[in-house]
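Going by full-length UniProt numbering, the first residue of the sequence shown is number 1, and it counts up by one from there.
Glycine included, each C-beta is placed from N, C-alpha and C at the ideal position.
Report on the structure given below.
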Amino acid sequence: MDVNIAPLRAWDDFFPGSDRFARPDFRDISKWNNRVVSNLLYYQTNYLVVLVFTGFVWAAHNKDILRRMKKQYPTAFVMVVMVASYFLISMFGGVMVFVFGITFPLLLMFIHASLRLRNLKNKLENKMEGIGLKRTPMGIVLDALEQQEENIGKLTDYISKVKE
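Here it is in structure tokens:
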């Protein structure tokens, strides 16, 4: 089966006012898990766009200083980057670099997926993903982590039993 990139969702659907966000019920872990998985699948392209946009904003913000230094002192620039990286990793440890470089963005995605309420279109798209009618990159990652909505898992088990 082909892997399809999920469509970019409307920005007012992705991050509008507080009317479509709510605190999850922490006592019902299953329901919370379903909400997170559903939102990760539904908004995966929006998360990627935000990540790329943030990278471009950061690069554009620091472009002039970096370009000037690279042009005037190319060897010194490489050495400064290497020494700064060494001190950063030594001072904060590799764990902190990992936390702020990888884990923090993942935490922001998880928080959004936890707080964002699902809508009918979100639920329909997830059902199609769950029963195998379409495949997306986030769906593949969540399958590898064995995370899926409970109802979808029950439905796919039933379909596989019917096929046998």
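1. Suppose you measure from the CA of P105 to the CA of I140; what does that come to, to the nearest Å?
2. Can you name the residues that DSSP bridges to V3?
3. What are the boundary residues of the alpha helix (DSSP H) that D13 is part of?
4. Can you give me the Cβ contacts of G101 inside the same chain, cut-off strictly under 6 Å, excluding the 5 residues immediately before and after it?
5. Mapping DSSP to helix, strand and coil, what is R116?
6. What are the boundary residues of the alpha helix (DSSP H) that D64 is part of?
7. Within 10 angstroms of the Cβ of L124, are there 16 or more other Cβ atoms? Answer buried if so, exposed if not.
8. In terms of residue numbering, what span does the alpha helix (DSSP H) encompassing I29 cover?
9. Using only the alpha-carbon positions, how far apart do K134 and N33 sit?
10. Looking at L142 and L51, is the spacing between their C-beta atoms short of 8 Å?
11. For a test of the three-state rule: what should DSSP assign to F26, helix, strand or coil?
12. Rounded to whole angstroms, what is the Cα-Cα separation between Q44 and F26?
13. For L117 and R20, I'd like the C-alpha separation in whole angstroms.
14. Can you grab the Cα-Cα spacing for the pair L108 / T75, in whole Å?
15. Which term fits N46, buried or exposed, when burial requires 16 or more other beta carbons within 10 angstroms of its beta carbon?
Once the coordinates are examined:
1. Taking the sequence shown and counting its residues from 1, one reaches residue 105 at position 105. Taking the sequence shown and counting its residues from 1, one reaches residue 140 at position 140. Computed Cα separation, rounded: 20 Å.
2. Here the question's residue 3 lines up with position 3 in the sequence shown. The beta-bridge partner set that DSSP reports for V3 consists of R135.
3. On the sequence shown, residue 13 is found 13 positions in, with the first residue counted as 1. Per DSSP, D13 belongs to the alpha helix (DSSP H) from 11-14.
4. Position 101 of the sequence shown, counting from 1, holds the residue named residue 101. Correct list: empty, nothing qualifies.
5. As a working mapping, residue 116 is identified with position 116 in the sequence shown. Strand at R116.
6. Translated into positions along the sequence shown, residue 64 becomes position 64. Run containing D64: 63-72, per the alpha helix (DSSP H) assignment.
7. Taking the first residue of the sequence shown as position 1, residue 124 is located at position 124. Exposed is the call here.
8. For the purposes of this step, residue 29 is taken as the residue at position 29 of the sequence shown. DSSP places I29 in the uninterrupted alpha helix (DSSP H) bounded by 29-42.
9. In the sequence shown, residue 134 corresponds to position 134, counting from 1. In the sequence shown, residue 33 corresponds to position 33, counting from 1. Answer to the nearest angstrom: the Cα atoms are 21 Å apart.
10. Taking the first residue of the sequence shown as position 1, residue 51 is located at position 51. Taking the first residue of the sequence shown as position 1, residue 142 is located at position 142. At a Cβ-Cβ threshold of 8 Å, L51 and L142 do not count as neighbours.
11. Numbered from 1 along the sequence shown, position 26 holds the residue referred to as residue 26. Three-state DSSP puts F26 in coil, outside helix and strand.
12. In the sequence shown, the residue the question calls residue 44 occupies position 44. In the sequence shown, the residue the question calls residue 26 occupies position 26. Their Cα atoms are separated by approximately 23 Å.
13. Taking the first residue of the sequence shown as 1, we reach residue 117 at position 117. Taking the first residue of the sequence shown as 1, we reach residue 20 at position 20. For L117 and R20, the distance between alpha carbons rounds to 6 Å.
14. For the purposes of this step, residue 108 is taken as residue 108 along the sequence shown, with counting starting at 1. For the purposes of this step, residue 75 is taken as residue 75 along the sequence shown, with counting starting at 1. Cα-Cα distance, rounded: 37 Å.
15. As a first step, residue 46 is located in the sequence shown; it is residue number 46 there, counting from the start. Buried is the call here.
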